[in-house]
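Participant: Numbered by numbering that gives the first Met the number 0, the letters in the sequence shown go through residues 0 to 272 in order.
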Amino acid sequence: MPGTISPTHFRWSLADRVATITLDRPARKNPLTFESYAELGETFRRLTAMRDEVRAVVITGAGENFCSGGDVHEIIAPLVRMHEAGRTDEILAFTRLSGELVKAMRACPQPIVAAVDGVCAGAGAIIAMASDLRVGTPRSRVAFLFVRVGLSGADMGACAMLPRIVGHGRASELLFTGRVLHGEEAERWGFYNRLAEPAALAADAHALARSLADGPTFAHAMTKAMLHHEWSMSVDQAIDAEAQAQAICMGTDDFVRAYEAFIEKRTPRFEGK
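1. Does the contact criterion of 3 or more C-beta pairs under 8 angstroms hold for the segment 49-66 versus the segment 105-119?
2. Is it the case that the Cβ atoms of T32 and D70 are separated by a distance below 8 angstroms?
3. Which whole-angstrom value describes the C-beta separation of C119 and S139, a residue pair presumed to lie in contact below a C-beta threshold of 8 angstroms?
4. Tell me which same chain residues have a C-beta within less than 6 angstroms of the C-beta of A8, skipping the five on either side of it?
5. Buried or exposed, going by whether 16 or more other CB atoms sit within 10 Å of the CB of G68?
6. Do three or more CB pairs link the segment 147-156 to the segment 119-129 at distances below 8 angstroms?
7. Using a threshold of 8 angstroms, state whether the C-beta atoms of P108 and T47 are closer than that.
8. Is the segment 90-106 close to the segment 132-147, with three or more CB pairs under 8 angstroms?
9. What does the Cβ neighbour count give for K264, buried or exposed, with the cut at 16 atoms within 10 Å?
10. Kindly give me the distance between the Cβ atoms of M128 and L161, rounded to whole angstroms, as I take these residues to be in contact under 8 angstroms.
11. Ignore the nearest five residues each way along the sequence and tell me which others in L22's own chain have a CB closer than 7 angstroms to its CB.
12. Under the three-state reduction of DSSP, which class applies to C107: helix, strand or coil?
13. Just to confirm my understanding: we take M81, look at its own chain, exclude 5 residues before and 5 after, and list those with CB closer than 7 angstroms. What are they?
14. If V141 and L200 are in contact, beta carbons under 8 angstroms, what's the gap, nearest whole angstrom?
15. For S35, which three-state DSSP category applies?
16. Do C248 and A206 count as a contact pair if the criterion is CB distance below 8 angstroms?
17. Taking only the alpha-carbon atoms, compute the straight-line gap between E259 and T251 and give it to the nearest angstrom.
18. Given a threshold of 16 other Cβ atoms within 10 Å of its Cβ, counted over all protein chains shown, does A185 qualify as buried or as exposed?
19. In the DSSP assignment, the beta strand (DSSP E) including C119 goes from what residue to what residue?
20. Excluding the 5 residues flanking A170 on each side, which residues of the same chain have their C-beta closer than 7 angstroms to its C-beta?
21. Got a sec, what are the start and stop residues for the alpha helix (DSSP H) S12 sits in?
22. Report the residue ranges of all beta strand (DSSP E) runs contained in full by the segment 34-85; include only those spanning at least 3 residues, in chain order.
23. Would a C-beta distance cut-off of 8 angstroms place G214 and F175 closer than the cut-off?
24. Cα-Cα, which of D253, L96, M225 is closest to A242?
25. Assuming A209 and D15 make a contact with CB atoms under 8 angstroms, what is their CB distance in whole Å?
26. For G40, is the classification buried or exposed, using 16 other Cβ atoms within 10 angstroms of its Cβ as the cut-off for buried?
27. Per DSSP, what kind of secondary structure is G152 in: helix, strand or coil?
28. From L78 to R86, what does the alpha carbon distance come to, in whole angstroms?
29. Check for me: the beta strand (DSSP E) holding R293 runs from which residue to which?
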């Protein structure tokens with residue numbers, strides 16, 4: 000059914016119109032597998048048809064870590080065997096599969112909040128990067144460590160997206176060196192929007208997501224879409240595109256609700272349409 004999510008490779012819950020995706024292999028720091036990549040991508044694609052029941056998403060990890068990246072035994076080892084056998088088409092199929100997850104996250108209309116504690120490395124760092132907002136902890140450790148395993152920092156859109164979050168020079172440092180970015184530095188650099196103590200991380204991330212879910216969700220989806228599409232526009236093109244986007248939002252009932260609430264000195268109740 001369109002409104003039902005029953006994943007096999009991670010946990011899913013829904014409360015107060017906020018969905019929570021929990022990567023749930025804590026004994027191994029929540030690594031990804033071929034199957035979890037595919038299922039995560041499909042989940043974010045399905046959220047497009049669930050705008051009424053799901054208005055914001057939190058993605059996090061079980062235990063005290065976010066995600067350690069691709070599973071060494073279930074992804075890295077098979078990729079090495081593909082290389083040794085000359086099966087380059089299968090390697091390309093995997094890199095495209097991982098990229099499809101990021102595409103799905105960016106196309107998903109709901110704002111995504113990453114709640115990051117502990118290890119956030121490799122593909123885990125990419126998932127946090129691809130989220131719209133990030134709440135971290137002082138003890139968290141973010142690392143785009145592809146270079147440490149002989150790979151390019153150009154993975155799953157990192158060379159396009161990370162410079163727009165932390166700046167070109169800082170992104171270059173992280174992608175060339177693969178070094179760890181600790182929590183307080185990550186907040187200073189703008190990778191995290193805010194920090195929370197580990198015990199308060201889930202509550203803080205969900206409070207942020209609920210505030211977004213209570214807002215004008217049609218307008219939030221438009222903001223997310225324009226933030227994404229305007230990367231390839233000139234300033235003049237962006238101004239013209241935003242004129243159209245804002246005119247569409249002014250045609251929604253939420254715009255009228257906001258005006259009426261202002262006149263009546265009350266908080267508006269947005270319905271996302």
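Ideal Cβ placement from N, Cα and C applies to all residues, glycine included.
From a predicted model like this one, the values you see are computed outputs, not experimental measurements.
Facilitator: Answer, in terms of the structure:
1. Short answer: they touch.
2. Yes. Within cutoff.
3. Correct: roughly 6 angstroms between the Cβ atoms.
4. Contrary to the premise, residue 8 reads as His rather than Ala in this sequence. Cβ neighbours of H8 beyond the five flanking positions: E34, S35, E38.
5. It is buried - the Cβ of G68 has at least 16 other Cβ atoms within 10 Å.
6. Contact between the segment 147-156 and the segment 119-129 is present: 3 or more CB-CB pairs across the two stretches fall below 8 angstroms.
7. In this structure, T47 lies closer than 8 angstroms to P108 by Cβ.
8. The segment 90-106, when compared against the segment 132-147, does not touch it at the 8 angstroms Cβ threshold.
9. Looking at its Cβ environment, which holds fewer than 16 other Cβ atoms inside 10 Å, K264 is exposed.
10. Indeed, because the Cβ distance is near 6 angstroms, the residues count as touching under 8 angstroms.
11. If the five residues before and after L22 are omitted, its C-beta is found closer than 7 angstroms to the C-beta atoms of F9, N29, G60, A61, C66, all from its own chain and listed in chain order.
12. Note: C107 maps to coil in three-state DSSP.
13. Exclusion of the five residues before and after M81 leaves E89, I90 as the residues of its chain whose Cβ lies within less than 7 angstroms of its Cβ.
14. Between V141 and L200 a beta carbon distance of about 14 angstroms is seen, past the 8 angstroms cut, so the two are scored as non-contacting.
15. Of the three classes helix, strand and coil, the one that applies to S35 here is helix, per DSSP.
16. Against a cut-off of 8 angstroms, the Cβ pair of C248 and A206 comes out as no contact.
17. Distance between the alpha carbons of E259 and T251: 13 angstroms.
18. Sixteen is the threshold: when 16 or more other Cβ atoms of the shown chains lie within 10 Å of the Cβ of A185, as they do, the residue is buried.
19. Unbroken beta strand (DSSP E) run through C119: 118-120.
20. Annotation for A170: L161, P162 place their beta carbon closer than 7 angstroms to its own, counting only its chain and skipping 5 residues before and after.
21. Per DSSP, S12 lies in no alpha helix (DSSP H) segment; the continuous beta strand (DSSP E) that holds it begins and ends at 10-14.
22. Taken in chain order, the complete beta strand (DSSP E) segments of 3 or more residues contained in the segment 34-85 are 55-60.
23. Note that the C-beta distance between G214 and F175 is not below 8 angstroms.
24. Of D253, L96, M225, the residue nearest in Cα terms is M225.
25. It is Arg, not Ala, that sits at residue 209 in the sequence shown. For a cut-off of 8 angstroms, the C-beta gap from R209 to D15 is around 6 angstroms, short enough to register as a contact.
26. Looking at its Cβ environment, which holds 16 or more other Cβ atoms inside 10 Å, G40 is buried.
27. In the displayed model, G152 falls within coil according to three-state DSSP, outside both helix and strand.
28. One alpha carbon belongs to L78, the other to R86, and they sit about 9 angstroms apart.
29. Absent from the model: residue 293. The displayed extent of the chain is 0 to 272, so no value can be given.
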